[in-house]
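The structure appears below as structure tokens.
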Amino acid sequence: MDHEVQMGRTKRKSFARIKEVLDMPNLIEIQKNSYQQFLKEGLKDVLRDVSPITDYTGNLIMEFIGYTLETDNVKYSVEECKERDTTYSAPLKVKVRLINK
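First residue of the sequence shown? That's -11 in this note's numbering, and the numbers climb one at a time after it.
So this is what it looks like as structure tokens:
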């Protein structure tokens, strides 16, 4: 009925029926996939929803052409942000076209 289980340097008796422990699932995989989808499609959809922007006189129109997220141009790496307890951020640059009628 019982069997010994090694937990670090300690040996313990286990009375569990199942001897093998199940592999831990990747619990943040859904969040990572959602974030990647947001970066690839979500930002594009948001910019498309608000474009074009027209001023109240109708003389100026601003259209969003595209965007880039500059992950190469970050202040701190992910590891440094974890050590410093700061936010990991990267510049988001949006290419726009301004039309003056």
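We treat Cβ as the ideally placed atom computed from N, Cα and C, and that holds for glycine.
This one's a predicted model, so the numbers in the text were calculated from it and none came from an experiment.
Which same chain residues, not among the five before or five after K81, have their C-beta less than 7 Å away from its C-beta? Y55, T56, E58
Note down the Cα distance separating N61 from V9, rounded to an integer number of angstroms. 43 Å
Less than 8 Å between the C-beta atoms of F52 and S39, yes or no? Yes, Cβ-Cβ distance for F52 and S39 is below 8 Å.
Beta-carbon contacts of R85 that lie in its chain and below 6 Å, excluding the five residues immediately before and after: E51, I53
In angstroms with no decimal places, state the Cα-to-Cα distance between S22 and K1. 42 Å
To the nearest angstrom, how far is the alpha carbon of C69 from that of K63? 9 Å
Could you tell me the distance, in whole angstroms, from the CA atom of V(-7) to the CA atom of K(-1)? 6 Å
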